[in-house]
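Notes to accompany the following structure.
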Amino acid sequence: MKRNGRIRTALALALTAACILWAAGGLAADVFQFESKDIELFEGETASINLIREGKPAEEGTITYTAGNERVATVDSDGTITAVKRGISYVKATLKGEKRKWGATLTVKVLRAVTDVTLNTSRLEVYAPGDAQISGLLREQTEHDVIVIPAGKSFELKSTCTPADASDRKVAYTSTDEGILKTGDGNARALQAGECDLTVASRQNPEVKETYHVLVTQPVKKITVSSADGKTVPVGGTIRLQAEIEPSTSSIQAVKWSSRNEQTAKVDQDGTVTGLKRGSAVIEAKAADGSGKSDRFSIEVTQQATAVVITEPYLRLAAGQNSTLHASVSPANANDRGIVWSSTDEQIATVSKTGQVRALKRGECAIIASSRSDPSISAEIPVEVIQRVTSITFPGGPVSMPVRTTHQLEWVIGPEDASIREVTFSTSNRKVATVDANGVVTGLMRGSANITAAATDGSGRKGTVRVTVTQPVEGVSIQYGVYHVQLDGYLNIKAIIRPDNANNQNVHFTIGDGSIATVTDHRNIGKVRGRREGTTTITGETEDGGYTASAEIRVADYARAVVVDDVFMEGDNIRLTVRNRSSFSVDRVYFTVETYDANGQPLVCNSDGESNSFTGSYRYELGPDERSEHYMFDFGDYVQPTEKIATVTVTITGWRDTEGYTRNIGEEDRPTQSYHRFIPPAQGGGNG
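The sequence shown begins at 34 in my numbering and counts up by one.
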């Protein structure tokens with residue numbers, strides 16, 4: 034059997050049994066089996082397994098191989114097995130002869146190999162081989178990191194195998210000199226001063242290992258930490274600590290410095306402590322030889338005042354006025370945050386211990402705030418004692434201005450000897466008007482706003498002026514180009530003023546020919562009355578700006594432009610004639626027909642099964658004074674009544690001219706447009 038991994042050698046019990054049977058019976062037994070019953074492989078390894086074939090299996094047939102779980106292991110046609118993934122599977126070999134079939138099964142166990150071994154050195158003193166602290170102590174050259182252990186000390190050995198799910202994560206520890214470093218199952222003890230190597234190796238894969246050089250030293254017995262600089266250090270300052278090591282014959286005369294409060298103070302490996310923030314800190318010196326000996330030193334970090342800040346940038350007061358200043362010491366955690374106040378000229382202004390300033394007379398001085406712990410750290414602000422403003426007025430009174438224009442305001446400040454005469458401007462409505470720092474107002478949209486001037490001397494005095502922004506007319510148009518006015522009737526014509534929020538909406542209307550139509554106006558509406566048939570123009574002129582717009586006026590008897598000339602029966606059919614009695618052409622006439630029986634009762638004539646009326650239309654052009662033709666009418670939803678028609682009423686409901694103007698005949702005019710005809714009993718109804 035040949036393979037490139039490790040294979041457990043199987044007992045050839047089956048082969049031995051076959052030989053015994055052959056010897057006893059004098060005939061060769063049939064044997065078909067794997068050389069081994071099981072095999073172990075690492076992921077990725079391959080192996081070729083031999084088959085034992087005796088008797089008929091050795092003489093005939095073709096062998097085929099199959100794998101039980103190809104995610105664990107595969108097998109090719111020549112019997113070579115490839116380990117794929119950790120797990121257990123099997124490989125089966127089958128031999129089919131002429132009369133019978135033989136089979137053999139092999140168990141395959143796929144292992145996951147250890148690829149790396151790491152010793153946990155978190156509690157050990159480990160140095161690079163060239164580290165200055167130990168390089169002078171080494172007597173043997175080494176390329177491995179060095180573990181320093183004091184003689185007589187025991188320590189625990191812990192290691193980690195990679196990957197974490199390796200099949201066997203057990204490790205073995207060995208020392209090249211058990212007289213210097215004695216290793217056991219998971220522990221070691223330094224016996225005497227000297228050097229050796231410590232190796233940790235995978236038991237599964239011994240070639241996967243990690244090696245350290247071990248230096249066993251004469252241990253430190255005592256450490257004493259002191260400082261000639263005292264036990265106090267300011268934030269940002271430093272003090273130096275010293276560590277005395279006993280005995281002086283210790284192999285490593287060095288310590289490792291650390292701070293147990295690293296946010297408060299830090300320490301470098303020379304023993305220099307730097308204060309970081311106010312508070313207490315403990316500095317520890319620990320023997321570098323791993324003996325565990327240490328000493329601690331407590332220090333206090335103080336925060337000195339670094340700056341004084343006065344909240345107010347300056348102070349402006351009127352004589353006799355008081356104001357309180359506010360100051361603070363930085364940083365906020367300074368040990369002494371006391372403030373001492375003073376004035377550079379107490380004849381102009383004085384200041385109390387609590388920062389209250391009293392103005393005495395007009396003039397200038399400075400107020401100083403100093404740190405109580407360090408007077409050299411201070412801040413000051415200027416103080417001005419002034420004559421305050423008592424009034425602000427606008428002599429011009431309210432302002433009216435068009436939109437998109439500017440206006441310069443004029444104002445008066447009292448008294449004339451006011452110390453500070455500057456003012457700031459504001460507007461009550463920024464959408465209507467804005468004002469700049471010089472009092473120039475810009476009108477933005479129609480409306481009103483209050484412009485306020487405020488004194489900057491702290492007096493609180495203000496003055497206000499009302500500004501009204503007007504919107505001028507910028508153009509005008511008539512809503513429609515042509516208007517149809519009923520003879521002796523009225524029609525309102527609207528002028529559209531641009532913009533629609535213009536202040537002055539008044540328009541004056543005139544008619545070109547007053548004999549055809551007359552007009553009266555109200556704001557932007559012209560009420561036109563038709564006097565006689567004809568065509569003229571109407572013109573509207575804006576009161577603001579004199580903008581004009583015109584439209585055409587057509588006066589006619591539109592309510593009776595089309596009439597019913599006749600209604601009669603032709604057999605069972607209703608026949609009617611309409612006439613265009615206007616001076617223009619129409620291309621559509623709309624009407625309603627009502628039917629009644631001989632008793633004057635309504636006859637149902639509509640497809641809805643309920644109405645005694647139906648709508649119809651005439652869809653052909655009629656010139657002036659032209660009559661309709663028979664058989665050209667559309668009777669819409671008409672159905673033949675079940676009884677004979679005795680009376681027919683036809684009403685014109687509207688028409689459309691050839692220019693597209695449509696006239697609907699209102700209810701008030703329809704009685705004059707109706708034609709009523711009694712049909713003798715011998716006649717009937719129909720479509721005409």
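The beta carbon of each residue, even a glycine, is placed where N, CA and C say it ideally should be.
Original post:
Run through DSSP, which three-state label would TYR6 get?
Top reply: Outside the displayed span of the chain (34 to 721) sits residue 6, for which this structure offers no information.
Subject >> ILE167 - containing beta strand (DSSP E), residue span >> reply: Position 134 of the sequence shown, counted from the start, is the residue given in the question as residue 167. Unbroken run through ILE167 is the alpha helix (DSSP H), 165-168; no beta strand (DSSP E).
Subject >> VAL147 versus THR195 - alpha carbon distance >> reply: Working through the sequence shown from its first residue, we reach residue 147 at position 114. Working through the sequence shown from its first residue, we reach residue 195 at position 162. VAL147 and THR195: Cα-Cα distance of roughly 6 Å.
Subject >> Distance between PHE427 and GLU379 (C-alpha atoms, nearest Å) >> reply: The residue you call residue 379 lines up with position 346 of the sequence shown. The residue you call residue 427 lines up with position 394 of the sequence shown. About 39 Å.
**OP:** Look at GLN519 and ALA584 and say whether their C-beta atoms are less than 9 Å apart.
**Re:** Translated into the one-based positions of the sequence shown, residue 519 becomes position 486. Translated into the one-based positions of the sequence shown, residue 584 becomes position 551. Not closer than 9 Å, so no.
Original post:
How about GLN512 and PRO532: are their beta carbons less than 9 Å apart?
Top reply: For the purposes of this step, residue 512 is taken as the residue at position 479 of the sequence shown. For the purposes of this step, residue 532 is taken as the residue at position 499 of the sequence shown. Taking 9 Å as the Cβ cut-off, GLN512 and PRO532 do not qualify as a contacting pair.
Original post:
Whole beta strand (DSSP E) runs in the stretch 108-161 with 3 or more residues, listed along the chain?
Top reply: 113-116, 120-129, 134-144, 149-152 and 158-160
Subject >> Three-state secondary structure assigned by DSSP to PRO280 >> reply: Your numbering for residue 280 matches position 247 in the sequence shown. PRO280 falls in the coil class under three-state DSSP.
**OP:** Out of ASP111, SER284 and VAL143, point me to the one whose CA is closest to GLY169's CA.
**Re:** The count along the sequence shown starts at 1 and reaches residue 169 at position 136. Nearest C-alpha to GLY169: SER284.
Original post:
Apart from the five residues just before and just after PHE75, which ones in its own chain have a Cβ nearer than 7 Å to its Cβ?
Top reply: Taking the sequence shown and counting its residues from 1, one reaches residue 75 at position 42. Same-chain partners within the cutoff: GLY38, ALA116, LEU144 and ALA146.
**OP:** Classify ALA261 as buried or exposed, calling it buried when 16 or more other Cβ atoms lie within 10 Å of its own Cβ.
**Re:** Locating residue 261 in the sequence shown gives position 228, counting from the first residue. Exposed, by the Cβ-count rule.
**OP:** Can you tell me the Cβ-Cβ gap for SER433 and VAL341, rounded? I've got them flagged as a contact below 8 Å.
**Re:** Stepping through the sequence shown from its first residue, residue 433 is reached at position 400. Stepping through the sequence shown from its first residue, residue 341 is reached at position 308. With 8 Å as the limit, SER433 and VAL341 do not qualify as a contact, their Cβ atoms being about 55 Å apart.
Subject >> Cβ-Cβ distance between THR628 and THR686 below 9 Å >> reply: By one-based count along the sequence shown, residue 628 stands at place 595. By one-based count along the sequence shown, residue 686 stands at place 653. Contact flag unset, no.
Subject >> Cβ shell of LEU54 (< 7 Å), same chain only, five flanking positions each side left out >> reply: By 1-based counting over the sequence shown, the position of residue 54 is 21. A caution first: LEU54 carries a pLDDT of 38, below 50, which makes its placement in the model too unreliable to give a value.
**OP:** Would you kindly check if the distance between the Cβ of SER548 and the Cβ of ARG565 is under 9 Å?
**Re:** Along the sequence shown, one-based indexing puts residue 565 at 532. Along the sequence shown, one-based indexing puts residue 548 at 515. In this structure, SER548 lies closer than 9 Å to ARG565 by Cβ.
Original post:
Taking C-alpha atoms, which residue in ALA392, LEU309 and ASP328 lies nearest to VAL258?
Top reply: Along the sequence shown, one-based indexing puts residue 258 at 225. The option with the nearest alpha carbon to VAL258 is ASP328.
Original post:
With a Cβ-Cβ cutoff of 9 Å, do ALA221 and SER192 count as a contact?
Top reply: What you label residue 221 is simply residue 188 of the sequence shown in a count that begins at 1. What you label residue 192 is simply residue 159 of the sequence shown in a count that begins at 1. No, they are not a contact pair.
Original post:
Which residues in the same chain as ARG710 place their Cβ atom closer than 6 Å to its Cβ, once the five residues preceding and following it in sequence are excluded?
Top reply: Position 677 of the sequence shown, counting from 1, holds the residue named residue 710. So the list reads VAL600 and VAL681, once near-sequence residues are dropped.
Original post:
Taking the alpha-carbon positions, what's the GLY58 to THR97 distance?
Top reply: If you number the sequence shown from 1, residue 58 lands on position 25. If you number the sequence shown from 1, residue 97 lands on position 64. Model confidence at GLY58 stands at a pLDDT of 40, short of 50, so the residue's coordinates are unreliable and nothing is read from them.
**OP:** Could you check if GLY303 is buried or exposed, using at least 16 other CB atoms within 10 Å of its CB as the buried criterion?
**Re:** Taking the sequence shown and counting its residues from 1, one reaches residue 303 at position 270. According to the sequence as given, residue 303 is Asp; it is not Gly. Under this definition ASP303 is an exposed residue.
Original post:
Based on Cα-Cα distance, which residue from ALA488, GLY496, GLY447 and THR439 lies nearest to MET478?
Top reply: As a working note, residue 478 is residue 445 in the sequence shown. Comparing Cα positions, the closest option is THR439.
Original post:
Under the three-state reduction of DSSP, which class applies to ALA592: helix, strand or coil?
Top reply: By one-based count along the sequence shown, residue 592 stands at place 559. Correct three-state label for ALA592: helix.
**OP:** Could you check what DSSP says for LYS215 in three-state terms: helix, strand or coil?
**Re:** Position 182 of the sequence shown, counted from the first residue, corresponds to residue 215. The answer is strand: DSSP assigns LYS215 an E or B state.
**OP:** For the stretch 345-413, list the alpha helix (DSSP H) runs that are entirely contained and at least 4 residues long, ordered along the chain.
**Re:** none
**OP:** Grab me the residues of ALA50's own chain with a C-beta within less than 7 Å of its C-beta, minus the 5 sequence neighbours each way, in chain order.
**Re:** For the purposes of this step, residue 50 is taken as residue 17 along the sequence shown, with counting starting at 1. In this prediction, ALA50 scores a pLDDT of 39, lower than 50, which makes its location untrustworthy; no coordinate-derived value is stated.
Subject >> Nearest residue (CA-CA) to ARG660, options GLY447, ALA594 and SER640 >> reply: What you label residue 660 is simply residue 627 of the sequence shown in a count that begins at 1. When each option's Cα is compared against that of ARG660, the closest is ALA594.
Original post:
Should the stretch 600-610 be called in touch with the stretch 521-537, which here means at least 3 C-beta pairs below 8 Å?
Top reply: no
Original post:
Roughly how many angstroms lie between the CA atoms of ILE85 and LYS70, to the nearest whole one?
Top reply: Taking the first residue of the sequence shown as position 1, residue 85 is located at position 52. Taking the first residue of the sequence shown as position 1, residue 70 is located at position 37. Spanning the two alpha carbons is a distance of roughly 12 Å.
Original post:
What span of residues does the beta strand (DSSP E) with VAL436 cover, start to end?
Top reply: Here residue 436 is taken as the residue at index 403 of the sequence shown, counted from 1. Segment: none, VAL436 is in no beta strand (DSSP E) and carries neither H nor E.
Original post:
Cβ of VAL334 within 9 Å of Cβ of GLY353?
Top reply: As a first step, residue 334 is located in the sequence shown; it is residue number 301 there, counting from the start. As a first step, residue 353 is located in the sequence shown; it is residue number 320 there, counting from the start. No. Outside cutoff.
**OP:** With DSSP collapsed to three states, give me the class of LEU54.
**Re:** Your numbering for residue 54 matches position 21 in the sequence shown. In this prediction, LEU54 has a pLDDT of 38, which is less than 50 and means its spatial position is unreliable; nothing more can be read from the coordinates.
**OP:** Would you check if there are 3 or more beta carbon pairs closer than 8 Å linking the stretch 407-415 to the stretch 442-453?
**Re:** no
Subject >> Candidates ILE419, LEU348, ARG395 and ALA367, of which the one nearest GLN389 by Cα >> reply: Here residue 389 refers to the residue found at position 356 when the sequence shown is read from its first residue. That would be LEU348, whose Cα lies nearest to the Cα of GLN389.
**OP:** Between the Cα of SER459 and those of ALA318, GLU228 and VAL474, spot the shortest distance and give me the residue it belongs to.
**Re:** Position 426 of the sequence shown, counted from the first residue, corresponds to residue 459. The candidate whose alpha carbon is nearest that of SER459 is VAL474.
**OP:** Identify, in the order they occur along the chain, each residue of the same chain with its Cβ nearer than 6 Å to the Cβ of SER616, setting aside the five sequence neighbours on each side.
**Re:** In the sequence shown, the residue the question calls residue 616 occupies position 583. Here the set comprises PRO657.
Original post:
In terms of alpha-carbon separation, which member of GLY312, ASP577, VAL498 and SER640 lies closest to THR297?
Top reply: Position 264 of the sequence shown holds residue 297. It is GLY312 whose Cα lies nearest to the Cα of THR297.
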